[in-house]
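Here's the structure, in structure tokens; my notes come after.
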Amino acid sequence: MAEEIRRGEEEGLGPVLNRNIEALRERRARDARVAPLPARIADAVSRFAGSMSFVAVHAAAVLLWAGWNLGFVPGLVPFDPSFVILATAASVEAIFLSTFILISQNRAAEEQDRRHELDLQISLLAEHEITRLLRLVTAIAEKAGVGEARHPDLGELERDVAPEAVLDTIERKKKEADDR
Numbered sequence: 001m002a003e004e005i006r007r008g009e010e011e012g013l014g015p016v017l018n019r020n021i022e023a024l025r026e027r028r029a030r031d032a033r034v035a036p037l038p039a040r041i042a043d044a045v046s047r048f049a050g051s052m053s054f055v056a057v058h059a060a061a062v063l064l065w066a067g068w069n070l071g072f073v074p075g076l077v078p079f080d081p082s083f084v085i086l087a088t089a090a091s092v093e094a095i096f097l098s099t100f101i102l103i104s105q106n107r108a109a110e111e112q113d114r115r116h117e118l119d120l121q122i123s124l125l126a127e128h129e130i131t132r133l134l135r136l137v138t139a140i141a142e143k144a145g146v147g148e149a150r151h152p153d154l155g156e157l158e159r160d161v162a163p164e165a166v167l168d169t170i171e172r173k174k175k176e177a178d179d180r
């Protein structure tokens, strides 16, 4: 980890930012290691299904299947001339792939929800800290006789934000807009 932080500092990143990047990278790696086996399998299948290798393997398999069953491969007797077996296999594969992909998407959505929650908590903490700093700086400015300390916008900026009130207002305004 120390090597990663040093490299980040050489790239112009500050030590705190680089430490945070490294902590998040380590957290993702840990989460991947402790994920249940079915989830890891679903992720691996989804990753492969979304690759050009998957496309190439399937293209080769379908071409070989078609060539064999259309009689283009000498010495091989067609076993699925109507391609019913191929269609059935493709349908079953599609069902399983869809399921694996949905499992992976559900896991990704859960992870995204956790990150959004973290972002919200950090934003609320930052807003609280900035409000406190603004009050402190305004008090210092008033004591020093700086005229800007009496700017009318400061009163509004120094008020604490109530997240639930903000959410209620957003929801009310959305409902009003939908009702129009």
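This note's numbering applies: residue 1 is where the sequence shown begins, and numbers increase by one.
Glycine is no exception: its CB is placed at the ideal position from the N, C-alpha and C atoms.
Rounded to the nearest angstrom, the Cβ distance from Phe100 to Val55 is 16 Å, too far for a contact under 8 Å. For Gly155, the uninterrupted alpha helix (DSSP H) run begins and ends at Pro152 to Leu157, by DSSP. Excluding its 5 nearest sequence neighbours in each direction, Val161 has C-beta neighbours in its own chain below 7 Å: Glu127, listed in chain order.
In this model, Thr88 and Ala42 are separated by some 22 Å (Cα to Cα).
Leu70 and Ala61 have their C-alpha atoms roughly 14 Å apart.
Below 8 Å, too few C-beta pairs join the region 18-37 and the region 82-96 to call them touching: fewer than three. Taking C-beta separations shorter than 8 Å and ignoring five residues to either side along the sequence, the partners of Asp31 in its chain run Glu111, following chain order. Using a Cβ distance threshold of 9 Å, Leu86 and Val73 do not count as a contacting pair. Sequence-distant partners of Leu154 (beyond 5 residues in either direction) whose C-beta falls short of 6 Å from its own C-beta, in its chain, are Thr138. Taking a cut-off of 8 Å on C-beta distances, the region 157-172 touches the region 129-145, as three or more cross pairs fall below it. Counted as a single uninterrupted DSSP element, the alpha helix (DSSP H) harbouring Arg28 occupies residues Pro15 to Val34. Judged by their CB atoms, Leu97 and Ala49 are nearer to each other than the 9 Å cut-off. Counting the other CB atoms within 10 Å of its CB gives Asn18 a total of 16 or more, which places it among the buried residues. Annotation for Leu76: Trp68 place their beta carbon closer than 7 Å to its own, counting only its chain and skipping 5 residues before and after.
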